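Heads up, the thing below is written out as C-alpha cells.
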Amino acid sequence: MHRCKLLIRFAILLRKKEPEIPMASLVEIRGLVYEYPRFRALHDLSATIEKGTITALVGPNGAGKTTFLRCLAALEAPYSGTIKLDGLNIHSNPRLSHTQMGYLSDFFGLYDGLTVGQCLSYRAYAQELVANKAAEAIEWAAGAVNLTDRLGQKAGELSRGLRQRLAIGQAIIHKPKLLLLDEPASGLDPEARDDLATLLTQLRDGGMTIVVSSHILAELEAYSSHMLIIDKGHIVDHTVVGDAALEPESAALTVQLMEPHKDFEKILLHVAEITRVTDTAAQILLKGGLQAQRDLLKKLIEAGAPVIFFGPDKVNLQDAYIERMREGRAS
Amino acid sequence: MILNPELRRNFWLELSAQRLIAMPVLLGLVFWIVGLNGGESAVSSAALIAFHLIVYFWGTRRAASAIATELNSGTWDDQCMSPIAAWPMGWGKLLGSTAYVWFGGAICISVFFGANLGAFFYNGGASVLSLAVILVLIGLLGHGVALALSLMMLRKQKSTRRVPVSVCQIAGLIAIYGLSSFLFVEIFVTSLPSANVMENVLWFGGSVTFWTFTLATMISFVGWALLAIYRLMQSELQYQIRPFAWLGFTVFLMIYGTGLLYERLLSNAVGLYMWLALPLFVAVLAFYIAFFLAPKNIVLFRKWLAAFLHQEWAPCWRLTPVWFQSFGLLWLVGAILIVMLFSQDGPVTAGAQFFGIRLDEISAFYVLAVLLFVTRDLIFLLWLNLTGSKGKPDLAGAIYLLVLYSVLPPLLGFVGGASLLPIVIPYPTDNLLWAIGPVSLQVFFLVLLCRKRWSEISPQEPVFMKGKV
Chain A
1 MHRCKLLIRF
11 AILLRKKEPE
21 IPMASLVEIR
31 GLVYEYPRFR
41 ALHDLSATIE
51 KGTITALVGP
61 NGAGKTTFLR
71 CLAALEAPYS
81 GTIKLDGLNI
91 HSNPRLSHTQ
101 MGYLSDFFGL
111 YDGLTVGQCL
121 SYRAYAQELV
131 ANKAAEAIEW
141 AAGAVNLTDR
151 LGQKAGELSR
161 GLRQRLAIGQ
171 AIIHKPKLLL
181 LDEPASGLDP
191 EARDDLATLL
201 TQLRDGGMTI
211 VVSSHILAEL
221 EAYSSHMLII
231 DKGHIVDHTV
241 VGDAALEPES
251 AALTVQLMEP
261 HKDFEKILLH
271 VAEITRVTDT
281 AAQILLKGGL
291 QAQRDLLKKL
301 IEAGAPVIFF
311 GPDKVNLQDA
321 YIERMREGRA
331 S
Chain B
1001 MILNPELRRN
1011 FWLELSAQRL
1021 IAMPVLLGLV
1031 FWIVGLNGGE
1041 SAVSSAALIA
1051 FHLIVYFWGT
1061 RRAASAIATE
1071 LNSGTWDDQC
1081 MSPIAAWPMG
1091 WGKLLGSTAY
1101 VWFGGAICIS
1111 VFFGANLGAF
1121 FYNGGASVLS
1131 LAVILVLIGL
1141 LGHGVALALS
1151 LMMLRKQKST
1161 RRVPVSVCQI
1171 AGLIAIYGLS
1181 SFLFVEIFVT
1191 SLPSANVMEN
1201 VLWFGGSVTF
1211 WTFTLATMIS
1221 FVGWALLAIY
1231 RLMQSELQYQ
1241 IRPFAWLGFT
1251 VFLMIYGTGL
1261 LYERLLSNAV
1271 GLYMWLALPL
1281 FVAVLAFYIA
1291 FFLAPKNIVL
1301 FRKWLAAFLH
1311 QEWAPCWRLT
1321 PVWFQSFGLL
1331 WLVGAILIVM
1341 LFSQDGPVTA
1351 GAQFFGIRLD
1361 EISAFYVLAV
1371 LLFVTRDLIF
1381 LLWLNLTGSK
1391 GKPDLAGAIY
1401 LLVLYSVLPP
1411 LLGFVGGASL
1421 LPIVIPYPTD
1431 NLLWAIGPVS
1441 LQVFFLVLLC
1451 RKRWSEISPQ
1461 EPVFMKGKV
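Listed in order, the protein sequences are those of chains A and B.
Heads up: the first sequence is residues 1 to 331, going by our numbering.
Heads up: the second sequence is residues 1001 to 1469, going by our numbering.
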C-alpha cells in the first residue's frame, strides 16, 4: 500500500520532468563515450545540468558514476563526445575549466602534517589567489565549512566529519561554478551527514551548481533537486525530484483522517489535485502557498473531518530509484 | 616569501623545527665520534659517506616517493586540478620532496670541505668549487631521474595508479652510480681530485679540460632530467603537448657518445659510415626503453588510429606514442647506415671491434636484419599487450626476449645448430635470404596474429569521433 502510494507519487513527479521556469544550463554533455581497455564504461551519454541545482548522481556499484564524475572534472579524457562548462569545452581546455570547478573524490586526501590553515592556504595559493585575496578566500572557506575555530589544528587530528568539511573547504576555496562530490557522505555519522546536507544547501543557495554521487539515497533526499540515474554506463533517467519538481507556490501534502468522512474527497477536489485517495488518507498537490494550506485545513475541520495529520508529502528517493532502475532494465 | 605553493607546502611538511634541530645534532654527534678516533681524514670520509647516504640513497627515495605519496594520500587529483603550472609543480616537487635531504647534504659537504681545506687549496679553488657543483649535480640528476621515472610509471600504470617507488629509486641510483661513476670514477674512489682526474678529455678530437667536460656533461644530463620532469608533468596536468623530448634526448646521446668514441674509431681507421654504428645502437636502446616505459593502452591506440583516419593531424601527432617515433628514428639511422655500407669500397680494417661485434663483419644485410628483429620484437610485444592478460605483458615480453637473445643462441651452438642462428638473432652473413628471410617470416606471422587480436578486442558497436578528444 505504502509502496503503491510512493510509485504513484513518483509518477506525478516524472510527469513534471521539465521545470516550469526555464533555467540556464551550466553543463552540456553530448555523446559522451568513455572506454577502458576491456570495456566501454559510458555509452553515448547526453545530459544537461542547470545552474544552481544539486544533481544526485545515482546508480549501482560499477555503473560508471565515478568515471562519469572524473570525465566531468576533466580528469579523464573521453573516447569521444563533448562536455561544455558554461560554453567551454572542458576536454579541449582542461586547465581553464579546472579554475571553474571543484572536485572531491571518494578517496579524498589531506596533508595530515599541515594545519587546517596551512591546508587552506596551500589551496588558495595553488589557485593563484594572492595576498589579500588568498586571506579572504581562506577566511570565507573556513567559515563556509565551519572550521574557523580550528585553523591551527593539524588535519591529521580531525575527525572524519571535520576532515570531510576541510576537503570541501579546499575544493570550494576558489568559489567554483561547479562542485563535483563523489560519495561525500560515506563514513559520516548521522550528525555529520546532516551538517553536510546543510552545507551543500548553503552552497547551492550561494549560486554553486553541485553534482553529488552516492549510492545511499537517503542522504541525497535532503538536498537534491535533480536525480541522474546511471546503470551500466547508460543514463536510465534524469529527472527533477522533491520540491523542485513542483510549480512555485505548490506543495505536495498528505492528509490523514482518524475515520472516514463523507465529504473528504469532495473538499479536496474543490481546491487541490488529488494524486491518491482512500477513505481516510490522501496525497494532494495544492497551489497557493501557505494561505491555501491554512484555508484547506480550516475547511476540513469546519466540515467535521477528523484530521489527525496534515503535512508535506515527501517522496522516497530510494523507492523511486529502484522502480526506475527496474523499468530501465526491463525496457 | 616563496611564490611556488608546491615548494612552500613541501617546506611546511619537511622542514619542521624538530627536524631542523635533529639533523645537525645527529650528524654533529657522528662526526665528533669519528673525529675522536680517526682525525680529519676520518671525518672527511665520514662526511662523504654521509653525503652519499643522505643525498643519494635517501634523496632518490624521497624523490621517487613524491608522486606515490600524493597518490596514496589521495591528493594527486587535487594537484592535477590546481592551476599550478607544470614547471613550478615539477621543480617544487623535485626540490621540495628532497628539501630535508639537501639540508643534511649541505651539512655533510660543508664538513667534507672543512676537513680538506689544505688539499683543496693545493689543487686550486676552481676545482674545489667544481667538485662541489658536480656532487650537487649528481644528486640532482639522481633525484631527477627517480622523479621522472615515477611520472612515467604513473602514466604507464594509469589504471592501477601505482608507482613502484623502489624501481624508481634504483633508476635514480643507477643514474648516480652508473653514469656518474663511469665518467667520474675518481670522485667516488679517491674522494678528491687527483692528477689523473685533471687530464683533458677528447671530444670529437677537441681537447677539453676535465672539469669543463664533466661540468658540461652533468649540466646537460641534469638539464635533460629536468626537461623530462617538465614534459611528463605537462602531460599529467593535461597540457596538450607534442612529444619530441625523447627524440631530442636520443639524438643528444648519439652525438655525445660518438664524440667520446671519435678517437677510438679514428685510430681503428674505420670508415665514416661506421660512426653510425653507435647511433644505431643508441637508437635500438632508446626504442626498447621507450617501449617498455610507455603505456600500451588499446583505447589510446584506437584514438590515435581514429585521429589518423579522420586526418586530424594535431591530435594524431599528440597521440603518437614515443616508442613509435623512436622506432621511426631507428629505421632512419639504419637506412642511412645501409646506404653507406652498400656504397663502401672494400672491407673495413679487419679485427676492429665495436661492442663486441667485429666491424668488418657488419654488412648492409646485417643492419637490415637488426632492424627486422627489432620490428619483430615490437610486434611481438604489442601482441602480448593486446592479449588482455591481467598480468604484466611487458615483464613477460622482456623475459621472452631475454631467453630468445641470450639463452637460445648458445644452446643452438652447443647442439651444433649454429647455422640456424639467423632465425633467433641478427647474424652477420653475406646471404641476403638467410639474413632476413627467417625474421621476415616471423614478422609476417606476428602481424597476422596482432591483426586478429586487434579485431577480437575492438568494440562491436562503432564509435565515431564526435568531438575532439
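Beta carbons are placed, not taken as given, at the ideal position from N, Cα and C, and that holds for glycine.
If you're wondering where the values come from, they're calculated on a predicted model, not measured in any experiment.
* Mind checking who Leu297/A pairs with in its DSSP beta bridge? => Leu297/A is not bridged to any residue.
* N-terminal and C-terminal residue of the alpha helix (DSSP H) that Trp1304/B is part of -> Trp1304/B -> alpha helix (DSSP H) spans Ile1298 to Leu1309.
* To do: Could you have a look at Asn89/A and say whether DSSP puts it in helix, strand or coil?
  => Three-state DSSP puts Asn89/A in a strand.
* Look up His226/A in the DSSP assignment and say whether it is helix, strand or coil. => DSSP places His226/A in strand when its eight states are reduced to three.
* Please confirm if the segment 301 to 312 of chain A is in contact with the segment 80 to 90 of chain A, defined as three or more CB-CB distances below 8 Å between the two stretches. => In short, these stretches do not touch, since the Cβ pair count stays below three.
* For the segment 1302 to 1329 of chain B, enumerate the residues whose C-beta is nearer than 9 Å to any C-beta of chain A, in chain order. => For the segment 1302 to 1329 of chain B, which is checked against every Cβ of chain A, the residues closer than 9 Å are Arg1302, Lys1303 and Ala1306.
* Asked: How many Å lie between Leu1027/B and Ser1110/B at the Cα?
  -> Using only the alpha carbons, I get a separation of about 12 Å.
* **Contained alpha helix (DSSP H) runs [length at least 4] in the segment 1067 to 1093 of chain B, N- to C-terminal order** => Segments of the alpha helix (DSSP H) lying fully in the segment 1067 to 1093 of chain B: 1076 to 1081.
* Could you tell me whether the Cβ atoms of Val27/A and Leu178/A are closer together than 8 Å? => A contact, by the Cβ cut-off of 8 Å.
* **Test: Phe108/A CB closer than 8 Å to a CB of chain B** => Closer than 8 Å: yes.
* **Paired residues, beta bridge with Tyr103/A - DSSP** => The partner list for Tyr103/A (beta bridge, DSSP) reads Leu180/A.
* **Every unbroken alpha helix (DSSP H) inside the segment 1368 to 1412 of chain B [4 residues or more]** => Segments of the alpha helix (DSSP H) lying fully in the segment 1368 to 1412 of chain B: 1393 to 1402.
* 8 Å Cβ cutoff, Cys1080/B in contact with chain A -> Yes - at least one Cβ of chain A is within 8 Å of the one on Cys1080/B.
* To do: Using beta-carbon positions only, say whether Ala1047/B and Phe1057/B come within less than 8 Å of one another.
  => Against a cut-off of 8 Å, the Cβ pair of Phe1057/B and Ala1047/B comes out as no contact.
* For Leu1003/B, the first and last residue of its enclosing beta strand (DSSP E) -> Counting along the chain, Leu1003/B falls outside any beta strand (DSSP E), and DSSP gives it neither H nor E.
* Asked: Buried or exposed: which applies to Ile308/A, given that a residue is buried once 16 or more other Cβ atoms fall within 10 Å of its Cβ?
  -> With fewer than 16 other Cβ atoms within 10 Å, it is exposed.
* Asked: CB-CB under 6 Å to Ile1176/B, same chain, minus the five flanking residues each way: which ones, in chain order?
  -> So the qualifying residues of the chain are Tyr1056, Ile1138 and Gly1142.
* Asked: If you draw a straight line from the C-alpha of Lys1452/B to the C-alpha of Leu1386/B, how long is it?
  -> The straight-line gap from Cα to Cα measures roughly 10 Å.
* Is there at least one Cβ from chain B nearer than 8 Å to Ser214/A's Cβ? -> For Ser214/A, not one C-beta of chain B is nearer than 8 Å to its own C-beta.
* Starting from Ser1419/B and walking both ways along the beta strand (DSSP E), at which residues does that stretch end? -> Annotation: Ser1419/B is outside any beta strand (DSSP E) and is labelled neither H nor E by DSSP.
* Asked: Under 8 Å between the Cβ atoms of Ala41/A and His226/A?
  -> At the C-beta level, Ala41/A and His226/A stay beyond 8 Å of one another.
* How is the beta strand (DSSP E) around Gln1240/B delimited, first residue to last? -> Boundaries for Gln1240/B: no beta strand (DSSP E) harbours it, and the DSSP string shows neither H nor E there.
* Can you tell me which of the three DSSP states Ala1195/B falls into? => In this predicted model, Ala1195/B has a pLDDT of only 42, less than 50, meaning its place in the structure is not dependable enough to derive any value.
* Please name the residue in Val1322/B, Arg1008/B, Leu1071/B and Gln1442/B whose C-alpha comes closest to that of Gly109/A. => Of the listed residues, the one whose Cα sits closest to Gly109/A is Leu1071/B.
* **Residue closest to Trp1102/B, alpha-carbon to alpha-carbon, out of Pro1024/B, Gly1059/B, Leu1003/B and Leu1412/B** => With distances taken between Cα atoms, Trp1102/B lies closest to Gly1059/B.
* Asked: Thinking C-alpha only, which one of Leu1007/B, Leu1341/B, Met1153/B and Phe1112/B is nearest Ile1289/B?
  -> Closest option to Ile1289/B, Cα to Cα, is Met1153/B.
* Asked: What are the start and end residues of the alpha helix (DSSP H) that includes Gln1018/B?
  -> In the DSSP annotation of this structure, the continuous segment of the alpha helix (DSSP H) that includes Gln1018/B starts and ends at Ala1017 to Phe1051.
* Just the chain A side, please: which residues come within less than 9 Å of Ala1238/B by C-beta, in chain order? => It should be pointed out that residue 1238/B corresponds to Gln in this sequence rather than to Ala. Under the 9 Å cutoff, chain A gives Ala74, Leu75, Ala77, His91, Pro94, Arg95 and His98.
* Interfacial residues, the segment 1281 to 1301 of chain B to chain A, with Cβ spacing under 8 Å -> Residues are counted here when their Cβ sits less than 8 Å from a Cβ of chain A; for the segment 1281 to 1301 of chain B these are Asn1297, Ile1298 and Val1299, given in chain order.
* Three-state secondary structure assigned by DSSP to Arg38/A -> Here Arg38/A sits in coil by DSSP.
* To do: For my contact list, Arg150/A and Val116/A are in at a C-beta cut-off of 8 Å; report their separation, rounded to the angstrom.
  => At roughly 5 Å, the Cβ-Cβ gap stays under 8 Å, so Arg150/A and Val116/A are in contact.
* To do: Please list the segments of the alpha helix (DSSP H) lying wholly inside the segment 1201 to 1258 of chain B, counting only runs of 4 or more residues, in order along the chain.
  => Taking 4 residues as the shortest admissible run, the segment 1201 to 1258 of chain B contains the following complete alpha helix (DSSP H) segments, listed from N- to C-terminal end: 1210 to 1236.
* Asked: Just checking my contact of Cys1108/B with Ala1171/B at CB under 8 Å: how many whole Å lie between their CB atoms?
  -> That pair is no contact at about 23 Å.
* Hey, how far is the Cα of Ala126/A from the Cα of Cys1080/B? -> Taking the straight line from one Cα to the other gives about 11 Å.
* Starting from Arg165/A and walking both ways along the alpha helix (DSSP H), at which residues does that stretch end? -> Start and end: Arg160 to Ile172.
* Asked: Listing by chain order, which chain B residues have their CB less than 9 Å from the CB of Glu259/A?
  -> By Cβ distance, chain B contributes nothing, its closest Cβ being about 58 Å from Glu259/A, past 9 Å.
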